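Below is one structure, written out as structure tokens, with a few remarks after it.
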């Protein structure tokens with residue numbers, strides 16, 4: 001089974017792949033060697049057709065008749081497809097409460113991300129969870145020297161665009177933006193916008209719907 005080009009993959013499929021991976025790892029820990037699309041669909045509340053379509057974009061090897069997909073192969077192929085087997089270094093700008101939390105989160109290593117250093121204008125912040133926090137005037141030199149391509153923004157919204165432009169000038173090609181503002185960047189720069197307000201609005205709306213049904 002050939003991997004498809006990433007541009008042909010739907011966003012919903014990409015968003016589901018990490019969920020599949022967590023599920024497959026949990027099943028592997030239980031000693032499961034093979035899984036059918038029917039079993040996967042039932043456990044993840046999907047349809048077998050959706051499961052087959054999702055997995056087809058990431059798997060290198062086909063499933064076996066009457067046995068299904070080999071769990072070890074599922075894990076290996078999806079990790080390779082998502083790039084989890086090739087750790088990428090990243091830098092973060094803005095070491096407030098959110099920035100500190102992200103720098104301290106050790107789980108990123110399971111997803112191929114390693115935040116190696118933080119940057120902040122506050123000269124009193126020098127270390128977070130054993131990782132250095134440097135002044136902004138050292139940003140460009142370090143990023144260019146270490147050829148870092150991923151930048152994380154956790155600054156106030158009024159400073160986010162300026163930080164993004166500095167990142168781009170320094171060679172950053174992918175930006176994970178936690179500031180509540182849309183960035184204006186060139187087409188060749190990948191941006192993932194995290195919108196906590198939007199997520200909370202969806203959660204609040206669903207809660208209201210559940211309460212109405214009671």
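Numbering (UniProt numbering), first residue to last: 1 to 214. Glycine included, C-beta positions come from ideal geometry on N, C-alpha and C. None of these values were measured; they are calculated from a predicted model.
Considering only the beta carbon of each residue, do residue i and residue j sit closer than 8 Å?
| i | j | result |
| --- | --- | --- |
| residue 17 | residue 78 | yes |
| residue 191 | residue 168 | no |
| residue 143 | residue 107 | no |
| residue 58 | residue 28 | no |
| residue 93 | residue 163 | yes |
| residue 85 | residue 112 | yes |
| residue 117 | residue 131 | yes |
| residue 109 | residue 129 | no |
| residue 23 | residue 54 | no |
| residue 194 | residue 177 | yes |
| residue 181 | residue 160 | yes |
| residue 136 | residue 121 | yes |
| residue 173 | residue 189 | yes |
If you run the structure through DSSP and keep just helix, strand and coil, what is residue i?
| i | result |
| --- | --- |
| residue 91 | strand |
| residue 35 | strand |
| residue 190 | strand |
| residue 66 | coil |
| residue 202 | helix |
| residue 1 | Its pLDDT being 40, under 50, residue 1 is placed unreliably by the model, and the measurement read from it follows with that caveat. Coil, per DSSP. |
| residue 15 | helix |
| residue 58 | coil |
| residue 29 | helix |
| residue 209 | helix |
| residue 9 | coil |
| residue 214 | coil |
| residue 21 | helix |
| residue 185 | coil |
| residue 195 | coil |
| residue 46 | coil |
When burial is assigned at 16 or more other CB atoms within 10 Å of the CB, is residue i buried or exposed?
| i | result |
| --- | --- |
| residue 154 | buried |
| residue 150 | buried |
| residue 152 | buried |
| residue 210 | exposed |
| residue 37 | buried |
| residue 51 | buried |
| residue 102 | buried |
| residue 202 | exposed |
| residue 63 | buried |
| residue 60 | exposed |
Give me the Cβ distance between residue i and residue j, rounded to the nearest whole Å; I'm assuming they're in contact under 8 Å.
| i | j | result |
| --- | --- | --- |
| residue 41 | residue 32 | Residue 41 to residue 32, Cβ: 15 Å. No contact. |
| residue 20 | residue 68 | 14 Å between Cβ atoms; not a contact. |
| residue 119 | residue 134 | 5 Å |
| residue 179 | residue 208 | Actually they are not in contact, since the Cβ atoms of residue 179 and residue 208 sit about 28 Å apart, beyond 8 Å. |
Which complete alpha helix (DSSP H) runs does the UniProt domain "CoA-binding" (83-182) hold, if anything under 4 residues is left out?
97-104, 139-146 and 157-170
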